[in-house]
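A.B. asks: Residues in the sequence shown are numbered from -6 upward in steps of one, following the numbering used here.
Have a look at the structure that comes next, please.
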Amino acid sequence: MYEDFVLLLKKSKFKKALDVLDIYLADRPEDVYLLTQKANILWNMNKYDDAYNCILQADVLSSGDGLLEFTAGRVLWSMGMYNESIERWNRIIRADDIQMDLYGYGKMWVDAVQNDARYYKADCLFMLYKDKEALQLVEEHLKNRKKGLQSDFTIGEVRSFMRMLSYSDSTIQRDMNACRVLKQQQAERIVKHINRLKDGKEWYSLEIYLKRKSREFPMDYWLKMELVEHYYRLKDKRCLEYAEEIYRMVPNDMLVAFDYACSLYLNGKLCDSLNVLKTIQGKGLDYIAYSEHGEGLQWARNLMKRTRSLMERINGDQRRLFANEAT
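The following block contains the structure:
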């Protein structure tokens, strides 16, 4: 049966693997390895609270080992408990091979786990607005990658994160405790519901839902961006009210700036819209692609293309207005 469990894990058949694991745990409820594997499966199933409960049980029974610390670090990271997650990554990074490899996975496994711990810790630091420390860890992670060493992250993801941190504005002071922030599992549920409403063209329900969620999580400005784009899609001039608010909050997010320019245009504020578009254009392709809010080069090129298109439309509108005034 144990071989079946391992095979199910390799095939990512987590529900079936969980069923098999529960049979083992019924006989050995205090087995740290089994509790850790259960937490790992639940994490892969996005059941973070249940995974966390398994970690708490395993912590009581164990003095700590590499597999438990790594699993705990990922669970805490997914739950947005970044300081607690960092404690786990620190233990992994500082541990020797004997402490790490209690189950005999081998030197390559230890190296892989310790190197990924650097990346996860960097992401936690980034979420806590400690960008310079995060950048150092990402550089270390990249330096220690080697052929045959497994990782949760592709080389492309690592390099993109490093570029983003390189362009990060560390002078911005942000208060983490100003208001509530969405956890990952909450965000996933919200995105799923938003997409369902969009697919069903339930526009009124979408508007109400976005307004409620924006009020509940005011620091998660992407919710207000969804509302701006919803209003703009319907040619509803109320988009400007929300776009203005978001732009004041994060003026260095170029998609926010573009949405603001579109909203200004829809409300007939052509000169103001053009000025914002010129700001976007002046930032340059690399900044748009790799700064904190960038989503890669292709995305940046597309945004720049849309920026130029709207600028041309505004220039055309202005020429027609001047021509009409002249006659």
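For glycine and all other residues, C-beta sits at the position ideal for the given N, C-alpha and C.
Any contact between the region 75 to 92 and the region 102 to 112? By contact I mean 3 or more CB pairs, one from each, below 8 Å.
C.D. replies: These segments touch.
A.B. asks: Residue range of the alpha helix (DSSP H) that ASN260 falls in?
C.D. replies: By 1-based counting over the sequence shown, the position of residue 260 is 267. From DSSP, ASN260 is part of no alpha helix (DSSP H); its letter is neither H nor E.
A.B. asks: How many angstroms separate the CA atom of ASN317 from the CA atom of MET72?
C.D. replies: Numbered from its first residue, the sequence shown carries residue 317 at position 324. Numbered from its first residue, the sequence shown carries residue 72 at position 79. Going by the C-alpha atoms only, they are around 59 Å apart.
A.B. asks: Near ALA254, which residues of its chain fall below 7 Å by C-beta distance, leaving aside the five closest residues on each side in sequence?
C.D. replies: Numbered from its first residue, the sequence shown carries residue 254 at position 261. The residues are SER266, VAL269, LEU270, LEU303.
A.B. asks: Is the distance from the Cβ of LEU49 to the Cβ of VAL25 below 8 Å?
C.D. replies: Here residue 49 refers to the residue found at position 56 of the sequence shown. Here residue 25 refers to the residue found at position 32 of the sequence shown. It is not a contact, given that the beta carbons lie outside the stated cut-off.
A.B. asks: Residues in its own chain within less than 8 Å of GLU77 by CB, not counting five upstream and five downstream?
C.D. replies: Here the question's residue 77 lines up with position 84 in the sequence shown. Correct list, in chain order: LEU69.
A.B. asks: DSSP three-state call for ALA171: helix, strand or coil?
C.D. replies: On the sequence shown, position 178 is the one that residue 171 refers to. Unreliable placement is indicated for ALA171, whose pLDDT of 47 sits below 50; the coordinate value is still reported in the next sentence. ALA171: coil per DSSP, three-state reduction.
A.B. asks: What residue does the alpha helix (DSSP H) around GLN143 start on, and which one ends it?
C.D. replies: Translated into the one-based positions of the sequence shown, residue 143 becomes position 150. Counting along the chain, GLN143 falls outside any alpha helix (DSSP H), and DSSP gives it neither H nor E.
A.B. asks: Please report how far the alpha carbon of THR29 lies from the alpha carbon of TYR75, in whole angstroms.
C.D. replies: Position 36 of the sequence shown holds residue 29. Position 82 of the sequence shown holds residue 75. The alpha-carbon atoms of THR29 and TYR75 are separated by roughly 20 Å.
A.B. asks: Tell me the rounded alpha-carbon separation between TYR122 and TYR225.
C.D. replies: Reading the sequence shown from its first residue, position 129 is the one you call residue 122. Reading the sequence shown from its first residue, position 232 is the one you call residue 225. Cα to Cα, TYR122 sits roughly 32 Å from TYR225.
A.B. asks: Tell me whether the region 241 to 254 and the region 215 to 222 touch, counting them as touching only if at least three CB pairs, one residue from each stretch, are closer than 8 Å.
C.D. replies: In short, these stretches touch, since the Cβ pair count reaches three.
A.B. asks: Have a look at TYR258 and ILE307 and give me their C-alpha separation to the nearest angstrom.
C.D. replies: For this step, residue 258 is matched to residue 265 along the sequence shown. For this step, residue 307 is matched to residue 314 along the sequence shown. Rounded to the nearest angstrom, the two C-alpha atoms are 8 Å apart.
A.B. asks: Return the first residue and the last residue of the alpha helix (DSSP H) that PHE63 is part of.
C.D. replies: Taking the first residue of the sequence shown as position 1, residue 63 is located at position 70. Counting along the chain, the alpha helix (DSSP H) containing PHE63 begins and ends at 59 to 71.
A.B. asks: Buried or exposed, going by whether 16 or more other CB atoms sit within 10 Å of the CB of ASP42?
C.D. replies: Taking the sequence shown and counting its residues from 1, one reaches residue 42 at position 49. With fewer than 16 other Cβ atoms within 10 Å, it is exposed.
A.B. asks: From what residue to what residue does the alpha helix (DSSP H) around HIS286 run?
C.D. replies: Stepping through the sequence shown from its first residue, residue 286 is reached at position 293. Counting along the chain, HIS286 falls outside any alpha helix (DSSP H), and DSSP gives it neither H nor E.
A.B. asks: In terms of alpha-carbon separation, which member of LEU54, VAL(-1), ASN37 lies closest to GLU23?
C.D. replies: Position 30 of the sequence shown, counted from the start, is the residue given in the question as residue 23. Answer by Cα proximity: LEU54.
A.B. asks: Do MET407 and GLY287 have their C-beta atoms within less than 8 Å of each other?
C.D. replies: The requested residue 407 does not occur in the structure, where the chain is confined to residues -6 to 320.
A.B. asks: Among residues of its own chain, excluding the 5 on either side of ASN245, which ones have a beta-carbon nearer than 6 Å to its beta-carbon?
C.D. replies: Here residue 245 is taken as the residue at index 252 of the sequence shown, counted from 1. Around ASN245: no qualifying Cβ.
A.B. asks: By the three-class DSSP mapping on this structure, what secondary structure does ASP109 have?
C.D. replies: Along the sequence shown, one-based indexing puts residue 109 at 116. It is helical.
A.B. asks: Assuming SER256 contacts ALA236 under a Cβ cut-off of 8 Å, what Cβ separation, rounded to an integer in Å, is found between them?
C.D. replies: Within the sequence shown, residue 256 is the residue found at index 263, counting from 1. Within the sequence shown, residue 236 is the residue found at index 243, counting from 1. Contact holds; Cβ gap of about 4 Å.
A.B. asks: Note down the Cα distance separating LEU190 from GLU209, rounded to an integer number of angstroms.
C.D. replies: Counted from its first residue, the sequence shown places residue 190 at position 197. Counted from its first residue, the sequence shown places residue 209 at position 216. Roughly 19 Å between the two C-alpha positions.
A.B. asks: Grouping DSSP H, G and I as helix and E and B as strand, with all else coil, what is LYS100?
C.D. replies: Numbered from its first residue, the sequence shown carries residue 100 at position 107. Residue state, collapsed to three classes: helix.
A.B. asks: Going by DSSP, what residue range makes up the alpha helix (DSSP H) through ALA88?
C.D. replies: Taking the sequence shown and counting its residues from 1, the one referred to as residue 88 is at position 95. Here ALA88 belongs to no alpha helix (DSSP H), and DSSP marks it neither H nor E.
A.B. asks: Mind checking whether MET247 and LYS276 have CB atoms under 8 Å apart?
C.D. replies: Along the sequence shown, one-based indexing puts residue 247 at 254. Along the sequence shown, one-based indexing puts residue 276 at 283. Contact flag set, yes.
A.B. asks: Would ALA51 and ALA32 qualify as a contact pair, given that the criterion is a beta-carbon distance under 8 Å?
C.D. replies: For the purposes of this step, residue 51 is taken as the residue at position 58 of the sequence shown. For the purposes of this step, residue 32 is taken as the residue at position 39 of the sequence shown. Taking 8 Å as the Cβ cut-off, ALA51 and ALA32 qualify as a contacting pair.
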